Amino acid sequence: MDEPDPEWLLERLDLGEYEVRALTELLTIGRTTAPTLSEATGIPKARIYDVLSELSDRGFLKVIPGRPKEYQPKPPAEILDRAIENRRQTFESERQSIQSMREAFLETFQSRFEAASQDITPTEELFWVVDVGEVSERETRQLYAAAEERIRVFTKSFEYLPAVKEALSAAADRGVDVRVLFVHEEYLEPDNQAVQAERMDTLDAIAGVDYRISESKLPVRGTLADPSMEYESGKALFLVEEEDIPLALRQAAVTENASFVAGMNRLFELTWEYESLEG
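The sequence shown begins at 13 in this note's numbering and counts up one residue at a time.
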């Protein structure tokens, strides 16, 4: 396996070109001075101190007092930990900023929204659509994160599991009852059969997640969150099989209609109980 490009890895930490260049060199040669680093990297001497100050402020390196000062990179694991903490603090600051304007935002826009929505019928509100791919994966992670009691997943081979695994595992950790219903491998292409086997191995390692295999084709694929047979709650994201349409052009439907979600849940539970096999 080829070694990942160092600069690409550091760019993922939201560093600029000069910061990436400086930190790459520091991690390669170790403790050094600003003039030496400037010469080694080609970063202008007029900029090198600002670059090092930025890296220091982010917690990625140590400044060693002396004449001249020296700069020493933190260990790679500490750099990653600090990058995560920096983003967490940024997120928390943004969250508080948005929360602080909640009252003014609602006062300004709620009445406008209600007036503009008066002519929308219940049928028109039943579904909205999202693109399949990053958008549907983000919506799925949100379903997992908001679930309090149950998550039900219809899937062929759960190809998108790596993109949602963390959120699914977190839901299981907090006690959400998670069940996954796979399509039987006889209905899958060989490539999808291999993917399905890998995903089952992944689920085996997540405590609190159970799965079974449907004996027949499933008419839909998607996720149900907190379905209620009392029609009081529930949200779902699903799509129907469209083999002739490229994945990039497909769309998934999202609904918060509790009655519809309850009906989908009934299909899931009946299939799980009477038309499925243990994985």
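Just so you know, even glycine gets a beta-carbon here, dropped at the ideal spot from N, CA and C.
All of these numbers come straight from a predicted model, not from anything done at the bench.
Beta-bridge pairing of residue i - partner residues as DSSP gives them
i    : result
T235 : V165, L249
P85  : L73
S288 : S226
T267 : A248
T44  : Y83
D26  : Paired residues: none, contrary to the question.
D189 : R162
Exposure of residue i, with buried meaning 16 or more beta-carbon neighbours within 10 Å
i    : result
V273 : buried
E31  : buried
F194 : buried
M13  : Because the pLDDT of M13 is 49, which lies under 50, any placement of that residue in the model is unreliable, and the number read from its coordinates should be weighed accordingly. With fewer than 16 Cβ atoms within 10 Å of its Cβ, M13 is classed as exposed.
S123 : exposed
A270 : buried
Q208 : buried
K57  : exposed
D238 : buried
V266 : buried
K247 : buried
S241 : In the sequence as presented, Ser is not what sits at residue 241; that position holds Met. The residue in question, M241, is exposed, as its Cβ has fewer than 16 Cβ neighbours within 10 Å.
S169 : buried
L289 : exposed
V147 : exposed
Contact check, residue i vs residue j, beta carbons under 7 Å
i    : j    : result
A264 : L279 : no
V176 : Y223 : no
E66  : A52  : no
L118 : Y156 : no
R114 : Q84  : no
P80  : T45  : yes
Checklist entry - Is the region 172-190 touching the region 213-227, taking contact as three or more C-beta pairs under 8 Å? => result Cβ pair count under 8 Å is three or more, so yes.
Next on the checklist: Which runs of the beta strand (DSSP E) at least 3 residues long sit entirely within the region 191-245? Give them in chain order.
Outcome noted: Within the region 191-245, the runs of beta strand (DSSP E) that reach at least 3 residues and sit entirely inside it are, in chain order, 221-226, 232-237.
Checklist entry - Just checking, does the region 221-236 make contact with the region 99-113 on the three C-beta pairs under 8 Å criterion? => result Taking 8 Å as the limit for Cβ pairs, the verdict is that the region 99-113 does not touch the region 221-236.
Checklist entry - Using 8 Å as the threshold, is the region 234-249 in touch with the region 90-103, meaning 3 or more CB pairs across them? => result Judged by pairs of C-beta atoms under 8 Å, the region 234-249 does not touch the region 90-103, as fewer than three such pairs exist.
Checklist entry - Taking the runs of the alpha helix (DSSP H) that are 4 residues or longer, which of them lie wholly in the region 104-144? => result For the region 104-144, whole alpha helix (DSSP H) runs of length 4 or above, ordered along the chain, are 114-128.
Checklist entry - Is there contact between the region 17-32 and the region 59-77, where contact requires at least three CB pairs shorter than 8 Å? => result Touching, yes.
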